[in-house]
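First up is the structure itself, then whatever we jot down about it.
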Amino acid sequence: MAASQPQSDRWQWENATAGALAGFATVAAMHPLDVVRTRFQVNDGRVSNLPTYKNTVHAVFTITRFEASFGFYYGLRGLYAGFSPAVIGSTISWGLYFFFYDRAKQRYSRNREGKLSPGLHLASAGEAGGLVSLFVHQSHLAHKNKIAASKSSSSNSTIFGDLWSASHLTLTCL
């Protein structure tokens, strides 16, 4: 859209779309490190059948190479265990957050001329975060962590199982 158009004439979903794309991109780029972090948290050294990781690089190497030889995952697929629930939850959450944040800022700026104060930006952000918490059930995080911590490829860790479970768990509060 042209920069000269007033705020009210702009496409009203652009902030929500930008937030959803940012949520997707963040999970797509950082999910392997999240899987490694989850594996470190799960492995406290008391269970002997879990591999012990020395550091992050060793964990990435072990997940992609060593665990693949035992049939748990195949290469990089192990680093993306639990990706579907994470990406669905993040995309929906960030899209809604930016949508509600933009709406709150518009509402606060109706009777004011000029820019909003930092306090009103903070209020808008708090309002958006509260609304997202009401509308999106955060159980997709538990489901994602369960899959990321698991080394067995059960029916719940297939892409279709992830998508169905993540969709169901994420949208339960909508």
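Counting from 1 along the sequence shown, just add 32 to a position and that's the residue number in the working numbering. The beta-carbon is built from N, C-alpha and C at its ideal position, and this holds for glycine as well.
CA-to-CA distance, residue j to residue i, given in whole angstroms
| i | j | result |
| --- | --- | --- |
| Phe192 | Pro117 | Since pLDDT at Phe192 reaches only 41, below the 50 mark, its modelled position is unreliable, and no value is offered. |
| Leu22 | Leu154 | An answer regarding residue 22 cannot be provided, because it is not within the stretch 33 to 206 covered by the chain. |
| Ser184 | Ala113 | Unreliable positioning characterises Ser184 in this predicted model, as indicated by a pLDDT of 41, which lies under 50. A coordinate reading is not provided. |
| His63 | Ala57 | 10 Å |
| Tyr105 | Gly151 | Any answer about Tyr105 is weak, because its pLDDT of 49 lies below 50 and its placement is not dependable; what the coordinates show is given next. Those two C-alpha atoms are separated by around 48 Å. |
| Pro127 | Ala160 | Per the sequence shown, residue 127 should be read as Gly rather than Pro. Going by the C-alpha atoms only, they are around 11 Å apart. |
| His90 | Tyr140 | 50 Å |
| Val119 | Lys147 | 34 Å |
| Arg97 | Lys137 | 49 Å |
| Lys86 | Val59 | 25 Å |
| Leu76 | Ala48 | Per the sequence shown, residue 76 should be read as Asp rather than Leu. Those two C-alpha atoms are separated by around 40 Å. |
| Phe115 | Asn143 | 44 Å |
| Val92 | Glu46 | 36 Å |
| Lys178 | Asn81 | 17 Å |
| Gln44 | Gly158 | 21 Å |
| Leu195 | Glu145 | Its pLDDT being 49, under 50, Leu195 is placed unreliably by the model, and nothing is read from it. |
| Ile84 | Ala61 | A small correction: the amino acid at residue 84 is Thr; Ile does not occupy that position in the sequence shown. Their backbone Cα atoms lie some 25 Å apart in a straight line. |
| Val74 | Ser149 | 44 Å |
Pick from the options that is closest to residue i, judged by C-alpha positions
| i | options | result |
| --- | --- | --- |
| Ser156 | Gly146, Arg144, Arg142 and Arg135 | Arg135 |
| Phe233 | Ser165, Thr96, Leu65 and Phe115 | Nothing can be reported for residue 233, as the shown portion of the chain is limited to 33 through 206. |
| Val168 | Lys178, Glu145 and Tyr129 | Tyr129 |
| Asp66 | Arg142, Ile95, Asn47 and Ala48 | Ile95 |
| Leu111 | Glu145, Leu82, Asp76 and Arg69 | Arg69 |
| Thr88 | Asn81, Arg78, Gln44 and Phe72 | Phe72 |
Segment limits, alpha helix (DSSP H) that includes residue i
| i | result |
| --- | --- |
| Gln138 | Phe115 to Tyr140 |
| Thr70 | Glu46 to Val74 |
| Asn165 | A quick correction: the sequence has Ser, not Asn, at residue 165. Pro150 to Phe167 is the extent of the alpha helix (DSSP H) around Ser165. |
| Thr88 | Thr88 to Phe93 |
Exercise for review: State whether the region 45 to 58 contacts the region 114 to 132, with contact taken as three or more CB pairs (one from each stretch) at a distance under 8 Å.
Suggested key: Contact between the region 45 to 58 and the region 114 to 132 is present, because at least three Cβ pairs lie under 8 Å.
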